[in-house]
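Data first, discussion second: the structure below is written as structure tokens.
Protein chains in written order, with this note's numbering: chain R, 3 to 298; chain Y, 3 to 298; chain D, 3 to 298; chain P, 3 to 298.
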């Protein structure tokens with residue numbers, strides 16, 4: 003697959019917009035579609051083409067990418083993509099959705115000779131802008147190879163993790179670990195602050211040893227400062243934890259920490275902090291510990 | 003404080019033995035005491051001196067260090083150290099004990115003009131051998147400064163985190179985060195394996211993103227291989243989690259994940275795996291998920 | 003509504019079979035349908051009529067009752083019932099299903115002039131046989147009143163708890179409380195036994211005070227004897243807890259104990275005890291506590 | 003043992019006051035001691051005698067009873083009782099304390115020929131007033147028999163549950179089950195209210211089936227009305243849960259629900275609701291679910 007390979011890109015939001023622009027920059031012929039026209043205009047300004055509909059961007063594409071908020075959004079367009087796509091089309095869904103939905107799309111598409119990969123990402127808006135996403139890919143090896151040039155324009159870590167749905171499963175596991183890690187750090191921060199310890203100094207020690215993690219590296223500063231501008235929103239992480247628990251349940255895997263942190267994330271959301279950064283779990287630990295006079 | 007500063011070292015076990023040897027190597031005059039004589043012989047072979055009793059190694063020391071298994075062990079010798087030590091003695095307890103016990107020792111010693119630091123470590127046996135421990139220090143700033151040369155011979159990261167007891171509090175928080183992180187990784191591993199994902203590949207993606215942590219970096223390989231030779235034993239981590247929960251309770255801090263992982267670590271121990279590495283939490287997740295054919 | 007009111011009864015299993023027989027006994031004209039014919043034969047022997055299909059038992063019925071295992075089973079027949087039923091038909095679903103599915107059925111039926119109640123039950127097989135079920139009913143008050151004679155033949159406690167779906171929501175809450183209570187009793191039993199207490203005597207004290215509950219009244223004896231013949235199966239309770247957590251999640255309600263007990267019930271099932279009585283949670287607490295030599 | 007058996011009663015608070023009065027009423031010669039004199043005056047008004055000190059009420063007593071808030075309170079007087087009591091004295095501690103402290107008191111007293119029972123109670127202030135407490139007794143059978151007439155004046159359910167400490171262990175288990183049950187009911191209430199169900203009607207159904215429990219019977223009304231006047235205070239229940247978790251930890255028993263509800267009770271207390279009734283767990287579930295605009 004080489005330029006001028008034609009890529010249809012559906013979903014030009016916070017993540018999809020810069021991803022599509024990176025494909026243009028890498029030499030692909032990109033036709034984009036989005037429900038709101040402003041996002042399409044931005045793609046055109048970046049050198050892409052405007053599509054009028056899902057069918058419009060799919061019918062002549064070699065590769066179609068979707069980058070949509072949730073499982074129902076993907077289910078709503080997948081049928082159209084399968085109907086409108088020519089045999090041999092490679093359809094890469096990069097949204098974070100339920101693995102079983104990903105498998106169902108792949109099965110339905112296979113009947114029509116359309117190849118499907120599930121390829122959710124981590125790395126956030128900045129990773130999308132920088133073309134530095136981590137991409138976890140589920141599907142057949144030859145399709146992953148074929149997708150290589152496209153994915154290389156979007157991310158720096160591209161790992162084939164298993165058959166259809168496997169990418170989504172890894173993403174689900176990723177989101178469980180991330181949420182749990184934030185909560186562990188939040189509990190540590192409140193514990194240190196409540197006992198008169200220099201919390202910043204304490205977290206530096208933790209970061210340097212076996213307790214070290216990426217949340218301490220990247221988020222300790224904003225957590226200590228109680229800055230919760232997203233970043234990755236509680237609402238989205240809440241959705242992702244729902245997927246993770248459903249995957250575990252379906253697989254008969256018991257995840258006690260995952261289940262508890264999902265409840266805590268649900269509480270953050272229920273209390274009205276859904277649009278804050280997911281590190282707002284810290285606010286909940288403070289609240290539970292009676293240490294947030296002004297915040298409840 | 004410079005060589006030939008005399009250091010009395012009490013507790014020459016897996017950690018204390020190599021730590022005392024590193025002090026000899028750094029030029030200190032080290033007199034060691036241990037309940038079992040073999041450990042003292044090893045210190046002498048490394049260039050240290052043998053002490054016959056706690057009093058014997060304390061009475062002429064400029065600095066005394068204890069490195070003992072648990073709170074009662076420290077409480078059993080602290081009185082003797084305070085009685086036998088001359089005014090101006092600097093007593094550094096590097097064991098992992100309850101913060102309130104550390105504060106009590108400091109208060110009792112202060113009445114006699116003996117200075118005390120609590121300075122627990124992380125980094126394990128290898129860190130002790132390499133002189134590469136992380137050391138979290140509680141106490142007065144001038145005493146931390148005075149301890150500098152001694153601690154520099156033992157560790158690479160030395161952080162003053164607050165007043166008496168603060169070192170122990172940071173260690174308690176550290177152990178809660180470490181246990182929680184192991185459990186999160188264990189849940190992810192079983193989830194990936196149960197769903198037909200290439201777990202090693204999946205963990206690589208996690209390690210590269212916001213889910214990344216030191217357990218993934220250092221322990222994923224042995225966890226995937228089900229190798230549970232310690233390392234850091236479940237029994238000790240169980241003890242440390244007991245301290246962590248007590249600290250949280252005393253401080254009125256609510257730690258839901260900490261409380262759940264403490265139950266899980268207790269289960270690993272209750273099932274007879276207390277002498278395995280703490281990553282044996284993975285065995286419990288497998289057991290709960292019905293995925294351990296041979297099962298204990 | 004009076005005899006000879008005609009009742010179509012779909013689902014003549016462990017619960018539905020004796021319920022249909024009770025309706026015959028109360029004077030109703032009962033036409034039954036079940037996938038396996040043997041159950042229909044038993045109804046005929048009890049004085050009912052055999053139906054050949056869902057349509058067959060619905061088309062002339064004044065009232066239709068379904069008593070089926072799970073949400074998809076109800077969804078699979080509801081459309082047929084709505085299509086085949088005459089306007090004015092009263093359709094009472096007594097299965098335990100998702101509240102939102104119950105609401106969807108009610109809405110679809112309403113468009114055709116068919117009245118729907120969700121009326122799940124508690125009380126188990128014995129309650130079904132004795133006509134002594136507790137019935138929690140969601141729907142419109144006039145429909146509940148109209149259903150009165152039918153429900154009175156099946157249960158002794160019949161409570162209208164709210165609009166469509168409310169019966170299922172109460173059932174979901176009921177199942178969360180039951181599972182949690184079993185687990186609390188299981189933890190108490192293992193705690194008493196492990197500490198050398200006379201557990202039977204201890205449970206008698208608990209049963210007599212504020213800790214008293216129906217599990218202690220009815221199940222303590224079999225739990226102490228480790229008799230786990232169902233009763234109510236783990237597999238079904240696991241299903242119900244899935245509904246309960248989904249209801250809570252949809253409503254933004256945080257249920258920490260519910261979430262943990264759902265994980266524990268999932269573990270019992272994952273370990274192969276799905277066909278045991280739900281009190282087999284006790285086996286899991288023993289396993290976690292290293293007190294089940296032969297069982298792990 | 004018959005009247006005029008002399009009973010020394012130490013601790014004439016909310017529970018101890020009416021208990022001592024019941025002993026007077028039953029014909030015992032009761033000498034009472036309390037730190038605050040007003041309580042002693044009330045006992046005298048009820049027909050008892052005033053003691054000036056612990057020694058004063060112990061030295062001539064056939065039976066001594068303590069009813070004190072916590073373990074350290076009992077430890078503070080037990081030595082004096084053992085020193086001042088004559089051989090053959092029966093010392094019944096009815097406080098709720100740590101089982102191991104109870105065992106230590108029994109061992110120390112045994113060396114002096116003083117017999118000890120641990121006999122904590124449930125039933126609350128009203129049970130104390132009515133002489134209708136449940137009493138769980140640990141100790142030797144002959145001592146329990148000897149205590150019979152005294153205990154019969156205080157409670158209606160008196161059960162010998164095992165050797166020294168067993169009474170306290172059963173009480174600890176009791177308090178874990180009570181707290182868990184309150185939390186389960188609280189989660190159910192918020193779930194019902196949040197989904198538009200008639201919660202009072204829903205709870206009636208729960209109370210009538212396998213979900214039925216004493217909290218639903220006695221506390222549902224005040225919980226629905228958000229009346230949290232104690233009753234049994236959060237602070238005390240928090241203390242008791244600390245004992246329960248310590249007992250489980252010492253015994254190697256894993257109590258996941260117990261551990262989580264202890265965190266929740268700690269949160270209620272940390273938020274300033276320690277003096278409310280323990281059913282204030284409901285406030286926390288509301289808070290976590292974003293349903294308490296005015297309360298945080």
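Cβ atoms here follow ideal geometry from the backbone N, Cα and C, with glycine treated the same way.
Take residue 194(Y) and list the residues in its own chain whose beta-carbon comes closer than 7 Å to its own, dropping the five residues that flank it on each side.
Counting only Cβ-Cβ distances below 7 Å, and skipping sequence neighbours, we find 201, 204.
Between the beta-carbon of residue 207(D) and the beta-carbon of residue 136(P), is there less than 7 Å?
Their beta carbons are under 7 Å apart, which means residue 207(D) touches residue 136(P) by this criterion.
With H, G and I counted as helix, E and B as strand and the rest as coil, what does DSSP make of residue 239(Y)?
Here residue 239(Y) sits in helix by DSSP.
Could you pull the start and end residues of the alpha helix (DSSP H) that residue 76(P) belongs to?
First-last of the alpha helix (DSSP H) with residue 76(P): 73–86.
What alpha helix (DSSP H) runs, 4 residues minimum, are completely inside the stretch 84–171 of chain D?
List check, alpha helix (DSSP H) in window: 101–112, 126–132, 143–154.
Can you find at least 3 beta carbon pairs, one from the stretch 234–253 of chain R and one from the stretch 216–226 of chain D, that sit closer than 8 Å?
These segments do not touch.
For the beta strand (DSSP E) that residue 31(R) lies in, which residues bound it at each end?
Looking at the DSSP string, the run of the beta strand (DSSP E) that includes residue 31(R) is 31–35.
Measuring CB atoms only, is the stretch 176–186 of chain R touching the stretch 149–156 of chain R, in the sense that at least three cross pairs come out at less than 8 Å?
Output reads no: the stretch 149–156 of chain R does not touch the stretch 176–186 of chain R.
Check for me: the beta strand (DSSP E) holding residue 10(R) runs from which residue to which?
Its beta strand (DSSP E) spans residues 8–12.
How many whole angstroms separate the CB atoms of residue 145(R) and residue 119(R), which I take to be in contact at a CB cut-off of 8 Å?
Their Cβ separation, rounded to whole angstroms, is 6 Å, which keeps residue 145(R) and residue 119(R) in contact under 8 Å.
Where DSSP assigns a beta bridge to residue 279(D), which residues make up the other side?
DSSP output for residue 279(D) lists 235(D) as bridge partner(s).
Give the straight-line distance between the Cα atoms of residue 77(R) and residue 11(R), rounded to the nearest whole angstrom.
Roughly 16 Å between the two C-alpha positions.
Would you say residue 258(R) lies against chain Y (beta-carbon separation less than 7 Å)?
It does: the Cβ of residue 258(R) has a partner Cβ on chain Y nearer than 7 Å.
Closer than 7 Å by C-beta to residue 196(Y): which residues in its own chain qualify, once you throw out the five before and the five after it? Chain order, please.
If we look at residue 196(Y) and ignore the five residues flanking it on each side, its Cβ neighbours are 291, 293.
Does the Cβ of residue 74(Y) have 16 or more other Cβ atoms within 10 Å, making it buried, or fewer, making it exposed?
It is exposed - the Cβ of residue 74(Y) has fewer than 16 other Cβ atoms within 10 Å.
Sort out for me which residues DSSP pairs residue 68(Y) with in a bridge.
DSSP lists 12(Y), 95(Y) as partners of residue 68(Y).
Can you list, in chain order, the residues of its chain with a C-beta nearer than 8 Å to that of residue 110(R)? Leave out the 5 residues immediately preceding and following it.
So the qualifying residues of the chain are 80, 81, 84.
Against chain A, which members of the stretch 258–272 of chain R pass a CB distance test of less than 9 Å?
Included in the structure are the protein chains R, Y, D and P, with no chain A among them.
How many whole angstroms separate the CB atoms of residue 157(D) and residue 134(D), which I take to be in contact at a CB cut-off of 8 Å?
Between residue 134(D) and residue 157(D) the Cβ distance is about 7 Å, and since that is below 8 Å, they are a contact.
Output, in chain order, the set of chain R residues within a Cβ distance shorter than 7 Å of residue 292(P).
Per Cβ cutoff of 7 Å: 272, 273, 274.
May I ask you to report which of helix, strand or coil DSSP gives residue 287(D)?
Helix at residue 287(D).
With distances taken from CA atoms, which of 45(P), 92(P), 282(P), 281(P) is nearest residue 114(P)?
Looking at the Cα atoms, 92(P) is the closest of the given residues.
In terms of DSSP beta bridges, what is residue 181(R) paired with?
The partner list for residue 181(R) (beta bridge, DSSP) is empty, contrary to what the question assumes.
Assuming residue 59(D) contacts residue 33(D) (C-beta within less than 8 Å), just tell me the rounded distance between them.
Sure, about 4 Å apart at Cβ, within 8 Å.
If residue 165(P) and residue 126(P) are in contact, beta carbons under 8 Å, what's the gap, nearest whole angstrom?
Residue 165(P) to residue 126(P), Cβ: 27 Å. No contact.
Taking 6 Å as the cut-off, is the beta-carbon of residue 103(Y) closer than that to any non-hydrogen atom of the ligand SAH?
Looking for the ligand SAH in the displayed structure turns up nothing, as the structure carries no ligands at all.
Taking the alpha carbon of residue 69(P) as the point to measure from, which residue in 29(P), 266(P), 88(P), 14(P) has its own alpha carbon closest?
Residue 69(P) has its Cα closest to that of 14(P), out of 29(P), 266(P), 88(P), 14(P).
Between the C-alpha atoms of residue 143(Y) and residue 61(Y), what's the straight-line distance to the nearest angstrom?
Their backbone Cα atoms lie some 25 Å apart in a straight line.
Does residue 22(P) come out as helix, strand or coil in the three-state DSSP assignment?
Note: residue 22(P) maps to helix in three-state DSSP.
What residues in its chain sit with their C-beta under 6 Å from that of residue 264(D), if we drop five residues either side in the sequence?
Excluding positions up to five away in sequence, the list reads 243, 247.
Please report how far the alpha carbon of residue 108(P) lies from the alpha carbon of residue 94(P), in whole angstroms.
Using only the alpha carbons, I get a separation of about 10 Å.
Counting C-beta neighbours from all protein chains within 10 Å, is the total for residue 18(R) 16 or more, i.e. buried, or is it exposed?
Its Cβ being crowded by 16 or more others within 10 Å, residue 18(R) is buried.
Which residues in chain R have a C-beta closer than 8 Å to the C-beta of residue 251(D)? List them in chain order.
Correct list: 244, 268.
Look at the alpha carbon of residue 99(P) and the alpha carbon of residue 266(P), and state the distance between them as a whole number of angstroms.
Cα-Cα distance, rounded: 21 Å.
Could you have a look at residue 201(P) and say whether DSSP puts it in helix, strand or coil?
Of the three classes helix, strand and coil, the one that applies to residue 201(P) here is helix, per DSSP.
Can you find the residues in the same chain that come closer than 7 Å, C-beta to C-beta, to residue 163(P), ignoring five residues on each side of it along the sequence?
If we look at residue 163(P) and ignore the five residues flanking it on each side, its Cβ neighbours are 138, 139, 140, 169, 172.
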